[in-house]
Amino acid sequence: MVAEKIGTTLSQHIIETQKDFPQASGRFTRVFNELATCGKIISSYVRRAGITAEITGKKGSVNVQGEEQAKLDVIAHNIFVNRLLETGLVAAISSEESDEIVEADEENSRNANYIISTDPLDGSSNIDVNVSIGTIFSLMKRKTPLGERVSKEDFLQKGSEQIAAGYILYGSSTIFTYTSGHGVFCFTLDPTIGEYLLSHSRLKIAEEGTTYSVNEGNRKFWNKGEEELVCYFQGNHAENDKPYTGRYIGSLVADFHRNLLKSGIYLYPKATKDGKQDNGKLRLLYEAMPLALIMKEAGGFSSDGEKDILEIVPTEIHQRVPLFIGSKREVNLAKEFLHKYNP
Ligand code: AHM
Ligand code: MG
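Structure, rendered in C-alpha cells:
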C-alpha cells in the first residue's frame with residue numbers, strides 16, 4: 010500500500026488514507042495539511058532559538074495556569090490559532106496559552122466542523138537549553154450545530170471521542186506523529202526538501218516496558234503507592250530486584266516519544282513540585298488525552314491511577330490529571346500498586 014511505504018510524504022499518505030473512508034470529505038486532509046504546515050513553521054523558529062533574542066527567553070506574562078510564558082510559547086500559540094482558524098474548517102481552539110477558547114470569526118466558523126485542543130509548545134522550560142520540545146494536538150467534532158457559536162462545552166468530550174491526535178516533536182529531527190484511529194504513523198521532516206516522510210508505520214509499543222520516567226525531585230511528596238511503584242522500577246522491591254532504565258527529559262512529548270519507541274512508562278502523579286496533593290501537573294485536554302489515544306493505538310495504555318484517561322469526562326478546559334502512560338504491563342502495575350498501598 011503506497012500510503013504506508015516508508016518515505017511516503019505526509020500529504021500523499023493522508024490523501025491515500027482518506028480514500029479508504031467513503032464519508033471523508035477532504036476537510037480532514039486540509040486540516041491535517043495545515044497542522045503539518047504549523048509544525049514546519051514552529052520547527053523553523055525552534056531551530057533558530059539561540060540565534061535571536063526575539064525567540065528565546067521569557068515573555069514577561071503568565072498563562073492561565075500561573076506559569077511564566079516563554080516567547081516561543083506565545084509564538085507557537087499564535088501560529089496555530091491564526092492559521093487553523095482561517096481554514097474555515099476549525100470553529101475554535103482551546104490552547105494552554107489562552108484562558109478562554111479562541112473562536113474563528115463569523116465567516117470562518119460558518120461551515121467549521123472541527124475543534125482543536127493544543128499545547129502549542131510543550132516542555133517550555135527546555136526551550137532555552139536546547140533540549141527537545143513539541144506541539145501536541147487533539148482534533149474533535151463540535152457538538153453545537155453549525156450556525157451557532159461553539160462554546161467551552163464543545164470541548165468537554167471524552168478522549169475516546171477524538172477524531173485524531175498527534176504531536177510534532179522538535180528533537181534531533183522534527184517528527185510529526187499522528188493517529189486517526191487506524192494505527193500510529195510517524196513522519197520525519199527532511200529539512201532539505203521541506204517534506205515530512207514516513208519513517209515509522211503502524212508503530213507498536215512493547216507490552217512490557219524497560220524504562221520509567223518520572224521527576225524524582227518530587228519524591229518527598231509521593232504517597233505510599235507511588236513510592237512503592239518507583240522502588241519496584243528501581244529493582245528495590247520485594248517483587249522485583251531488576252532495575253529498569255530511568256530516563257526523564259522534562260518534556261512530556263519527548264519522554265513519551267522515547268518510551269513509545271523503546272517501551273516503558275511515563276508518570277506524573279498527583280503531587281507537584283510544591284507538594285500539593287491535587288491533580289498533578291499535566292492537562293487532560295491537550296496533553297493527556299491526545300497522547301492517550303496515540304498510546305492506545307500503539308497497543309499501550311494510560312490511566313490517572315484508576316480510570317482510563319480516554320474515559321474521563323472533562324469538566325474544565327484546563328483541567329489537570331495525574332498521568333500514567335506507556336506499556337500495558339507497567340501502567341496496570343501502577344494501578345495495582347496505587348490500589349494496594351493507598352487503601
Ligand atoms: P508545559 O506544558 O508548561 O511545558 O509543562 C508541562 C511539562 C511537561 O512537558 C513535562 O513532562 C513536565 O511539565 C515537567 O514538569 P516538572 O518540571 O515538574 O517535572
Ligand atoms: Mg505541556
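Residues in the sequence shown are numbered consecutively from 10, following this note's numbering. Ideal Cβ placement from N, Cα and C applies to all residues, glycine included.
- Remark: the shortest separation between the CB of ASP128 and any heavy atom of the ligand AHM falls under 8 Å.
- DSSP places PHE185 in the uninterrupted beta strand (DSSP E) bounded by 183–188.
- According to the DSSP secondary-structure assignment, THR127 is paired through a beta bridge with SER104 and PHE146.
- In the same chain as LYS233, and ignoring 5 residues on each side of it, the C-beta atoms closer than 8 Å to its own belong to TYR350 and ASN351, in chain order.
- Exclusion of the five residues before and after LYS152 leaves ASP163 as the residues of its chain whose Cβ lies within less than 6 Å of its Cβ.
- At least one heavy atom of the ligand AHM lies closer than 8 Å to the C-beta of GLU105.
- Excluding residues up to 5 positions away in sequence, LEU207, SER208 and SER210 lie with their Cβ nearer than 7 Å to the Cβ of ILE15 in the same chain.
- Leaving aside the five residues that flank TRP231 on each side, the residues in its chain whose CB is nearer than 7 Å to its CB run, in chain order, PRO278 and ALA280.
- In this chain, the alpha helix (DSSP H) harbouring THR26 covers 19–27.
- Judged by the Cβ position, VAL262 qualifies as a neighbour of the ligand AHM at the 8 Å threshold, a heavy atom of the ligand being closer than this.
- The alpha-carbon of PRO154 is positioned some 26 Å away from that of HIS86.
- Annotation: LYS271 to ASN117 spans about 42 Å, alpha carbon to alpha carbon.
- Residue ranges of uninterrupted beta strand (DSSP E) with 3 or more members, entirely inside the stretch 198–276 and ordered along the chain, are 204–209 and 220–222.
- In this structure, the ligand AHM has a non-hydrogen atom nearer than 8 Å to the beta-carbon of LYS290.
- SER222 is a Cβ neighbour of TYR257, given a cutoff of 9 Å.
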